[in-house]
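So the sequences go chain by chain: A and B.
Add 132 to the 1-based position in the first sequence for this note's numbering, that's all there is to it.
Add 665 to the 1-based position in the second sequence for this note's numbering, that's all there is to it.
Cβ coordinates follow ideal geometry from the N, Cα and C atoms, glycine included.
Here the structure is a predicted model, which is why all the values come from computation and not from measurement.
One structure below.
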Amino acid sequence: DQQVKQNSPSLSVQEGRISILNCDYTNSMFDYFLWYKKYPAEGPTFLISISSIKDKNEDGRFTVFLNKSAKHLSLHIVPSQPGDSAVYFCAASVEQGAQKLVFGQGTRLTINP
Amino acid sequence: KAGVTQTPRYLIKTRGQQVTLSCSPISGHRSVSWYQQTPGQGLQFLFEYFSETQRNKGNFPGRFSGRQFSNSRSEMNVSTLELGDSALYLCASSFRGKTEAFFGQGTRLTVV
């Protein structure tokens, strides 16, 4: 049973436009959500997180939106840059501070010049 | 500041053997967790250690074990290797009380 789902295996976006990556979850106990970026041959790199008490968190070009009633979160990247091409994973935890993360399958984002 | 260091980077083992992977966390991080990444199952939580104690464990058989030393360095061990254990094993470290974990580059284990 996959508790965190990223239904789009891949996404292609023009440089300078907005990239929107989506993630759905089924476990209502999840309380804290994170996005990671992964380049080939490297470990995942933390991007941004959001607590369930918020519906939006922004950090530079990256914004994460959380819709608890729909059990859905999304990552917006504006403007998209070639260096953003990577695999993006969303992850969830039952509480902030807990280390057990449940990851989605990832979405491969390609930014085209 | 040095990142999370995992050794070795690549490993080839024969079915039935055992293997030990090592992880040195970021200085000051006392929480270490391990994940397995495979094409079919994605990233899956193995276990978490803090202050030399296992705090949480994922759904893996007992062949998978780990430990943490007083300097926060951690090792994981897989005994009686199976072909399906071929994967990228990732270690992550964090400050206590913070969910945001910083990952190493991983150890690519191939079982033949």
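Enumerate in chain order the residues of its own chain whose CB-to-CB distance from residue i is below 7 Å, with the five nearest sequence positions on each side excluded.
| i | result |
| --- | --- |
| Lys186 of chain A | Leu198 |
| Gln702 of chain B | Leu708, Ala752, Leu753 and Leu755 |
| Ala766 of chain B | Ser698, Ala757, Ser758 and Ser759 |
Among the options, which has the Cα closest to the Cα of residue i?
| i | options | result |
| --- | --- | --- |
| Ser744 of chain B | B:Thr679, B:Thr670, B:Ala667 and B:Pro673 | B:Thr679 |
| Val234 of chain A | A:Ala224, A:Gln228 and A:Arg240 | A:Ala224 |
| Met161 of chain A | A:Ser142, A:Ser183 and A:Ser140 | A:Ser183 |
| Leu179 of chain A | A:Lys232, A:Phe165 and A:Pro245 | A:Phe165 |
| Gln683 of chain B | B:Ser737, B:Gly731 and B:Asn736 | B:Gly731 |
| Gly192 of chain A | A:Lys200, A:Tyr220 and A:Val210 | A:Val210 |
Which same chain residues, not among the five before or five after residue i, have their C-beta less than 6 Å away from its C-beta?
| i | result |
| --- | --- |
| Thr242 of chain A | Ser144 and Ser217 |
| Leu686 of chain B | Met741, Tyr754 and Thr772 |
Do you know how far the Cα of residue j is from the Cα of residue i?
| i | j | result |
| --- | --- | --- |
| Thr177 of chain A | Leu205 of chain A | 18 Å |
| Phe725 of chain B | Val669 of chain B | 23 Å |
| Arg720 of chain B | Phe768 of chain B | 18 Å |
| Gln706 of chain B | Arg773 of chain B | 16 Å |
| Ser247 of chain A | Asp163 of chain A | This structure cannot speak to residue 247 of chain A, because chain A is shown only from 133 to 245. |
| Lys169 of chain A | Gln146 of chain A | 18 Å |
| Phe734 of chain B | Arg728 of chain B | 20 Å |
Tell me which same chain residues have a C-beta within less than 8 Å of the C-beta of residue i, skipping the five on either side of it?
| i | result |
| --- | --- |
| Lys137 of chain A | Cys155, Asp156, Tyr157, Thr158, Gly236 and Gln237 |
| Ile150 of chain A | His208, Ile209, Val210, Pro211 and Ser212 |
Measure the beta-carbon distance from residue i to residue j and round it to whole angstroms, keeping in mind my assumption that it falls under 8 Å.
| i | j | result |
| --- | --- | --- |
| Val776 of chain B | Leu748 of chain B | 5 Å |
Within the segment 157 to 193 of chain A, ranges of the beta strand (DSSP E) (whole runs, at least 3 residues) = 164 to 170, 177 to 183 and 188 to 191
Residue ranges of each beta strand (DSSP E) run of no fewer than 3 residues wholly in the segment 743 to 777 of chain B, ordered along the chain?
-> 752 to 759 and 772 to 776
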